[in-house]
Amino acid sequence: MSPSTGKKSSESLDPASTVYKLVVEQGRSGILQSGLWKALNLTSRDGSRLALRLEKRGMVRREKVLDEGRWTYKLTPARLPVQVKAIEDAPCLTCPVENQCSVVGTISSSSCTLISDWVLTEFRAVNNPIQSQNRTDQLTT
Ligand code: SF4
């Protein structure tokens with residue numbers, strides 16, 4: 003955690019969040035799994051588990067592609083945040099039940115109040131940053 007901003011640096015993110023951040027940073031062009039695992043110094047087995055977990059949560063898409071004669075997967079973000087910085091405060095990154103969360107499970111982003119509250123807060127901050135800051139100041143004083 004950065005003492006000046008209160009935000010997590012990428013070095014302090016858990017492995018799944020680090021993978022997601024790198025996938026988002028590639029944008030719509032995506033990134034090959036093999037390149038990602040090399041960049042993060044992961045085994046293909048551990049990396050594939052993380053990718054499957056992110057796919058199960060509806061955060062990334064995995065597309066089978068042929069690269070230099072070998073089949074691999076390309077990972078692309080299911081949705082792109084307005085800015086990569088915008089995901090730093092996402093509740094999923096520190097969620098204690100994220101390993102149970104999936105689009106078809108009882109714990110799901112479609113019914114999660116943490117994610118809906120976060121989206122509303124981010125929306126207000128983008129659309130009315132002064133009013134949002136005043137509201138935050140009122141809540142913290
Ligand atoms: S339960 Fe909510 S905060 Fe946790 S991983 Fe799922 S959507 Fe994210």
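Under our numbering, the first residue of the sequence shown carries the number 3, and numbering increases by one thereafter.
Virtual Cβ for every residue (Gly too), placed ideally from N, Cα, C.
All figures in this text were calculated on a predicted structure; none of them were measured in a lab.
Please report the residue range of the alpha helix (DSSP H) in which residue 55 lies. As a position in the sequence shown, residue 55 is number 53, starting the count at 1. From DSSP, the alpha helix (DSSP H) with residue 55 extends over 46-58.
Does the Cβ of residue 93 lie closer than 6 Å to at least one heavy atom of the ligand SF4? Taking the sequence shown and counting its residues from 1, the one referred to as residue 93 is at position 91. Residue 93 Cβ: within cutoff of the ligand SF4.
Distance cut-off 6 Å: residue 112 Cβ against heavy atoms of the ligand SF4: Sequence index remark: in the sequence shown, residue 112 carries index 110 (1-based). No, Cβ of residue 112 sits at least 6 Å from all heavy atoms of the ligand SF4.
Closest to residue 125 by CA distance: which of 75, 89 and 63 is it? In the sequence shown, residue 125 corresponds to position 123, counting from 1. It is 89.
Name the DSSP beta bridge partners of residue 25, please? Position 23 of the sequence shown, counted from the start, is the residue given in the question as residue 25. In DSSP, residue 25 forms no bridge with anything.
Determine the DSSP secondary structure at residue 81, reduced to helix, strand or coil. Here residue 81 refers to the residue found at position 79 when the sequence shown is read from its first residue. Residue 81: coil per DSSP, three-state reduction.
With a CB to CB cut of under 7 Å and the five nearest residues on each side skipped, what residues in its chain are close to residue 73? Taking the first residue of the sequence shown as position 1, residue 73 is located at position 71. The answer, listed in chain order, is 66.
Taking residue 104 as the reference, which of 119, 40, 58 and 42 has the closest Cα? Locating residue 104 in the sequence shown gives position 102, counting from the first residue. The residue with the shortest Cα to Cα distance from residue 104 is 58.
For residue 99 and residue 120, I'd like the C-alpha separation in whole angstroms. Residue numbering aside, residue 99 sits at position 97 when the sequence shown is read from its first letter. Residue numbering aside, residue 120 sits at position 118 when the sequence shown is read from its first letter. Their backbone Cα atoms lie some 17 Å apart in a straight line.
For the region 15-24 against the region 42-58, do three or more pairs of beta-carbon atoms, one drawn from each stretch, fall closer than 8 Å, so that the two count as touching? yes
Using only alpha-carbon positions, find the residue among 106, 39 and 27 that is nearest to residue 81. Locating residue 81 in the sequence shown gives position 79, counting from the first residue. Ranking the options by Cα distance to residue 81, first place goes to 27.
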